[in-house]
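In the working numbering, the protein residues as written are 1 to 199.
What follows is the structure, given as structure tokens:
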């Protein structure tokens, strides 16, 4: 009798575990799909709204475009990876689940850091990107910053100081992109050097 109850209990437990795995797999796929839809909606709106006029704010703040109550700095393009994405101006974990965000810095001071989840249509492909790959950041005022990827490394999730440009860090970069590895136990950090700026 006890064996039968044990067998039934283990069968039910197995069904629960398999169901949980299926649910979490579906949930992650759905989140990635929703992020892709949101990013594509926002990037189309940003593409239409770029003014192609060089304007700077009087207080030194970066020009932004507000869409759906969120400020966006512009768009990030990596043609070799078929990525064309909006970049939110201010980091929040909630925004990160929708679009890439500026984590730190500015394109004006050559220390901008952009982060995104490792969703297939966001920064997942950074783990295999080739050195020398072209990266373009288009501001909301139409300036196009052209970069080339110069370095890629895996860092510990606690090594946040490596993301910033400091006196003691690697300063041979003008733009950094980073995301989590698939398991989330480390970060992929990609460095880019500025080639030119077109107005």
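For glycine and all other residues, C-beta sits at the position ideal for the given N, C-alpha and C. Predicted, not measured: the structure shown is a model, and the values here were computed from it.
As assigned by DSSP and simplified to three states, the class of residue 15 = Within the chain shown, the letter at position 15 stands for residue 15. Here DSSP, grouped into helix, strand and coil, assigns residue 15 to helix.
Do you know whose CA, among 143, 153, 77, 199, lies nearest residue 180's CA?
-> Taking the first residue of the chain shown as position 1, residue 180 is located at position 180. For the set 143, 153, 77, 199, the Cα lying nearest the Cα of residue 180 is the one of 153.
Are residue 88 and residue 71 touching if we call contact CB-CB under 8 Å?
-> Locating residue 88 in the chain shown gives position 88, counting from the first residue. Locating residue 71 in the chain shown gives position 71, counting from the first residue. Going by C-beta atoms, residue 88 is nearer than 8 Å to residue 71.
What did DSSP end up calling residue 159 once you bin it into helix, strand or coil?
-> Position 159 of the chain shown, counting from 1, holds the residue named residue 159. The answer is coil: DSSP assigns residue 159 none of H, G, I, E or B.
Through-space distance from residue 188 to residue 103, alpha-carbon basis | If you number the chain shown from 1, residue 103 lands on position 103. If you number the chain shown from 1, residue 188 lands on position 188. One Cα belongs to residue 103, the other to residue 188, and the distance between them is close to 14 Å.
Nearest-angstrom Cα separation, counted from residue 137 out to residue 54 | Walking along the chain shown from the start, residue 54 turns up at place 54. Walking along the chain shown from the start, residue 137 turns up at place 137. Here the model assigns residue 54 a pLDDT of 45, short of 50, so the residue's position is not dependable, and the following value carries that caveat. About 14 Å.
Any 3 or more C-beta pairs closer than 8 Å across the segment 106-125 and the segment 73-90 = For the pair of segments examined, the segment 106-125 was found to touch the segment 73-90: the number of CB pairs separated by less than 8 Å reaches three.
Which residue's Cα is closest to the Cα of residue 98: 38, 146, 16?
-> The residue you call residue 98 lines up with position 98 of the chain shown. Residue 98 has its Cα closest to that of 38, out of 38, 146, 16.
Exposed or buried, what is residue 16 when buried is set at 16 or more other beta-carbons lying within 10 Å of its beta-carbon?
-> By 1-based counting over the chain shown, the position of residue 16 is 16. Under this definition residue 16 is an exposed residue.
Could you give the distance in angstroms between the alpha-carbon of residue 86 and the alpha-carbon of residue 22?
-> As a working note, residue 86 is residue 86 in the chain shown. As a working note, residue 22 is residue 22 in the chain shown. The straight-line gap from Cα to Cα measures roughly 31 Å.
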